[in-house]
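Chemist: Numbering (the numbering used here), first residue to last: 16 to 230. Glycine included, C-beta positions come from ideal geometry on N, C-alpha and C. Structure below; questions to follow.
What follows is the structure, given as structure tokens:
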């Protein structure tokens, strides 16, 4: 059940928002971008279905400015980040970014079917520099699923660095997987795995808790 929900609602994991620097409450940021993405998916449905590359570009254009994928990558690698060379760090960041974009692009047509309910934002840390936006995502015929976004306030606005579904953290899940695979393949091997896979169907898309970070 957990894996099914993660696969179905995976696309909503990393959705974040345009105009981040102008929004004081990250809940408004998440809400605005989900609705913007939904409108674009409905508008461009035929193009999305016929051209997977277009779906990738659409997702990347919305997400990239507002997700700190480098921080996410550092948290995923944990102590191994300090041991990695600059080239290895950059390669891992790029691989993880493209992996997540591929997963989201594969499920992008699901966006317009989901309804999202929001709880009040939970601010944390000194001067409320961190926040958690808690949501509940519903689709017809599927039990509601909790999706929580963790953000921090940067000079450029709010940035997402982790997302949890049903209480399962993306960062923690990939961190556990990385620890296992590093023992068997080393960091270069893990990077090759991430970059080697390019799923073409939803059935091929990576799921949290899979045997490798590339699915």
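With 16 other CB atoms within 10 Å as the buried threshold, where does residue 206 fall?
Modeler: Here residue 206 is taken as the residue at index 191 of the chain shown, counted from 1. Label assigned to residue 206: buried.
Chemist: Along the chain, which unbroken stretches of the alpha helix (DSSP H) at least 4 residues long are found entirely within the segment 70-150?
Modeler: 84-92, 95-98, 101-121
Chemist: Where does residue 172 sit, in a helix, a strand or coil, going by DSSP?
Modeler: On the chain shown, residue 172 is found 157 positions in, with the first residue counted as 1. Reduced to three states, the DSSP call for residue 172 is strand.
Chemist: Can you give me the C-alpha to C-alpha distance between residue 47 and residue 115, rounded to a whole angstrom?
Modeler: Here residue 47 refers to the residue found at position 32 when the chain shown is read from its first residue. Here residue 115 refers to the residue found at position 100 when the chain shown is read from its first residue. Straight-line Cα distance between these residues: approximately 21 Å.
Chemist: Determine the DSSP secondary structure at residue 210, reduced to helix, strand or coil.
Modeler: Locating residue 210 in the chain shown gives position 195, where the first residue counts as 1. Helix.
Chemist: What first and last residue would you give for the alpha helix (DSSP H) that runs through residue 155?
Modeler: The residue given as residue 155 occupies position 140 in the chain shown. Premise fails: residue 155 is in no alpha helix (DSSP H) and is neither H nor E.
Chemist: Answer yes or no: the CB of residue 42 versus the heavy atoms of the ligand FAD, is any distance below 7 Å?
Modeler: Among the ligands in the structure shown, none appear at all, so the ligand FAD cannot be discussed.
Chemist: For residue 70, I'd like the list of residues in its chain whose CB is within less than 6 Å of its CB, leaving aside the five on either flank, ordered along the chain.
Modeler: Numbered from its first residue, the chain shown carries residue 70 at position 55. 63, 120, 123.
Chemist: One question on the structure: do residue 197 and residue 95 come within less than 8 Å of each other, judged by their Cβ atoms?
Modeler: If you number the chain shown from 1, residue 197 lands on position 182. If you number the chain shown from 1, residue 95 lands on position 80. Against a cut-off of 8 Å, the Cβ pair of residue 95 and residue 197 comes out as a contact.
Chemist: If we count the other Cβ atoms within 10 Å of its Cβ and call it buried at 16 or more, is residue 146 buried or exposed?
Modeler: Counting from 1 along the chain shown, the entry for residue 146 is found at position 131. By the 10 Å Cβ count, residue 146 comes out buried.
Chemist: Using 8 Å as the threshold, is the C-beta distance between residue 42 and residue 133 below it?
Modeler: Looking up residue 42 in the chain shown gives position 27. Looking up residue 133 in the chain shown gives position 118. Going by C-beta atoms, residue 42 is nearer than 8 Å to residue 133.
Chemist: How would you call residue 79, buried or exposed, if buried means at least 16 neighbouring beta carbons within 10 angstroms?
Modeler: The sequence position of residue 79 within the chain shown is 64, counting from 1. It is exposed - the Cβ of residue 79 has fewer than 16 other Cβ atoms within 10 Å.
Chemist: For residue 173, which residues in the same chain have their Cβ closer than 6 Å to its Cβ, ignoring the five residues on either side in sequence?
Modeler: Numbered from 1 along the chain shown, position 158 holds the residue referred to as residue 173. Take residue 173, set aside five residues on each side of it, and the residues of its chain with a beta-carbon closer than 6 Å to its own are 35, 41, 44, 166, in chain order.
Chemist: Residue 36 by DSSP, collapsed to three states: which one?
Modeler: Within the chain shown, residue 36 is the residue found at index 21, counting from 1. Model confidence at residue 36 stands at a pLDDT of 42, short of 50, so the residue's coordinates are unreliable; what they give is reported in the following sentence. Of the three classes helix, strand and coil, the one that applies to residue 36 here is helix, per DSSP.
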